[in-house]
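Participant: Numbering follows numbering that gives the first Met the number 0, in which position 234 of the sequence shown is assigned residue number 233; successive positions increment by one, without gaps. One structure, pasted below without further comment.
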Amino acid sequence: MHRPVLDVCLTPALFPLMQSDDAIVVVIDILRATSSMCIAFEYGATEIIPVRTVEESLAYKAKGYLIGAERHGEKIEGFDLGNSPFSYMEDRIKGSKIALTTTNGTQAINAAKNAAGVVIGSFLNVDALCDYLLQQNKKVICLCSGWKNSFNLEDTLLAGCVVEKLHSHFGQSDMRDAAIAARHLYNMAKGDLYAFLDNSSHRKRLANLHIEDDVRYCLQTGMTSKVPFLDQQKLICC
0 MHRPVLDVCL TPALFPLMQS DDAIVVVIDI LRATSSMCIA FEYGATEIIP
50 VRTVEESLAY KAKGYLIGAE RHGEKIEGFD LGNSPFSYME DRIKGSKIAL
100 TTTNGTQAIN AAKNAAGVVI GSFLNVDALC DYLLQQNKKV ICLCSGWKNS
150 FNLEDTLLAG CVVEKLHSHF GQSDMRDAAI AARHLYNMAK GDLYAFLDNS
200 SHRKRLANLH IEDDVRYCLQ TGMTSKVPFL DQQKLICC
């Protein structure tokens, strides 16, 4: 019997080389876009439009959307929302529609939009995410958003966590090398993810912005059972 393949794409720059038309792609940007998206749905958002540019996000304001924009880790002036999960815990999120652009995460979602399916992954929803993936019984590609098309540690750790939770349902021969590497990296780090990331470039970048609380929050598990997925051009959640 054919067994589905489990793979990891370590940077969006490599994604065009992968066959994804038969795969569910898990887009990962744990610091902080995909974490914030999961929390937005936990707090009652009804849809999120992931757009590439600041101008696209701004255009949704006239349509009644909350608009969000982040570049280089910082919220852009004049927008309702940035990229902190805490900003998606407010009362105004309930029942809202959101248009959002970020440096890495929304770019990766748009890169994956022609896959068989696209779901949003974070440590916050990883248990529910893995349950969902097992139910689909399809090829899985974890797409790490990275930083401006470069590899980063934190997204690879979440990919490795997914692989660790799913690997027993896939044959070893059905796991690609990147998935095996990500799993080993996660198992090295899982005792203290925060400490493991101490010298990572993006944690240093966020520390310079004085938002270490975001980092600590985004490394927690079991915070939500929401698994956002792409439906046409928007993210929704059942």
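Backbone N, C-alpha and C fix where the C-beta goes; we use that ideal spot for every residue, glycine too.
Relative to the C-alpha of T102, which residue among I179, Y185, V50 and P84 is closest?
Facilitator: One-based indexing of the sequence shown puts residue 102 at position 103. Here the closest residue by C-alpha is V50.
Participant: Any beta carbon from chain C within less than 9 angstroms of D28's own beta carbon?
Facilitator: Although the question refers to chain C, the structure presented lacks it and comprises just one protein chain.
Participant: Does the separation of the CB atoms of H166 and L5 fall below 9 angstroms?
Facilitator: In the sequence shown, counting from the first residue as 1, residue 166 sits at position 167. In the sequence shown, counting from the first residue as 1, residue 5 sits at position 6. Taking 9 angstroms as the Cβ cut-off, H166 and L5 qualify as a contacting pair.
Participant: Please go through the region 171-209 and give each complete alpha helix (DSSP H) segment of 4 or more residues, from N-terminal end onward.
Facilitator: 176-188, 192-195 and 200-207
Participant: Count the other C-beta atoms from every protein chain shown that fall within 10 angstroms of the C-beta of E54, then say buried if there are 16 or more, exposed otherwise.
Facilitator: Mapped onto the sequence shown, residue 54 falls at position 55. Exposed: under 16 other Cβ atoms inside 10 Å.
Participant: I need the DSSP call for F85, collapsed to helix, strand or coil.
Facilitator: Translated into positions along the sequence shown, residue 85 becomes position 86. It is helical.
Participant: Report the rounded CA-to-CA distance for V226 versus G81, giving the unit in angstroms.
Facilitator: Looking up residue 226 in the sequence shown gives position 227. Looking up residue 81 in the sequence shown gives position 82. Cα to Cα, V226 sits roughly 21 angstroms from G81.
Participant: Of the choices L152, A180 and Q18, whose alpha-carbon is the least far from that of E163?
Facilitator: As a working mapping, residue 163 is identified with position 164 in the sequence shown. Answer by Cα proximity: A180.
Participant: From N148 to R31, what does the alpha carbon distance come to, in whole angstroms?
Facilitator: Position 149 of the sequence shown, counted from the start, is the residue given in the question as residue 148. Position 32 of the sequence shown, counted from the start, is the residue given in the question as residue 31. Spanning the two alpha carbons is a distance of roughly 16 angstroms.
Participant: Suppose contacts are defined by Cβ-Cβ distances below 9 angstroms. Is T52 in contact with K96 by that definition?
Facilitator: Counted from its first residue, the sequence shown places residue 52 at position 53. Counted from its first residue, the sequence shown places residue 96 at position 97. Not closer than 9 angstroms, so no.
Participant: Tell me the DSSP secondary structure of L6 in three-state form.
Facilitator: If you number the sequence shown from 1, residue 6 lands on position 7. This sequence places Asp at residue 6; Leu is not what is there. Residue state, collapsed to three classes: strand.
Participant: For I66, which residues from the same chain have a beta carbon less than 8 angstroms from its beta carbon, with the 5 sequence-adjacent residues on both sides left out?
Facilitator: For this step, residue 66 is matched to residue 67 along the sequence shown. The answer, listed in chain order, is S56, L57, Y59, K60, F78, D79, L80, I97, A98 and L99.
Participant: Can you give me the Cβ contacts of N207 inside the same chain, cut-off strictly under 6 angstroms, excluding the 5 residues immediately before and after it?
Facilitator: Residue 207 sits at position 208 when you count from the first residue of the sequence shown. Excluding sequence positions up to five before and after N207, its CB lies less than 6 angstroms from no other CB in the same chain.
Participant: Taking 8 angstroms as the limit between beta carbons, can you name the residues of its chain near C129, skipping five residues before and five after?
Facilitator: For the purposes of this step, residue 129 is identified with residue 130 of the sequence shown, where counting begins at 1. Close CB contacts of C129 within its chain, under the 8 angstroms cut and outside five residues either way in sequence, are with V161, K164 and L165 (chain order).
Participant: What span of residues does the alpha helix (DSSP H) with N215 cover, start to end?
Facilitator: Here residue 215 refers to the residue found at position 216 when the sequence shown is read from its first residue. The question names Asn, but residue 215 in the sequence shown is Arg. Its alpha helix (DSSP H) spans residues E211 to C217.
Participant: Can you give the Cα-Cα distance for N186 and Y64, rounded to whole angstroms?
Facilitator: Stepping through the sequence shown from its first residue, residue 186 is reached at position 187. Stepping through the sequence shown from its first residue, residue 64 is reached at position 65. C-alpha separation (whole angstroms): 41 angstroms.
Participant: Kindly list the residues whose CB is nearer than 7 angstroms to the CB of N109, restricted to its own chain and excluding five residues on each side of it in sequence; keep chain order.
Facilitator: Start at 1 with the first residue of the sequence shown, and residue 109 comes out as number 110. Closer than 7 angstroms at Cβ, skipping near neighbours: P49 and R51.
Participant: Have a look at D20 and A115 and give me their C-alpha separation to the nearest angstrom.
Facilitator: Residue mapping note: residue 20 aligns to position 21 of the sequence shown, counting from 1. Residue mapping note: residue 115 aligns to position 116 of the sequence shown, counting from 1. Between D20 and A115, the C-alpha separation is close to 5 angstroms.
Participant: For M222, which residues in the same chain have their Cβ closer than 6 angstroms to its Cβ, ignoring the five residues on either side in sequence?
Facilitator: Here residue 222 corresponds to residue number 223 of the sequence shown, with the count starting at 1. Around M222: L123.
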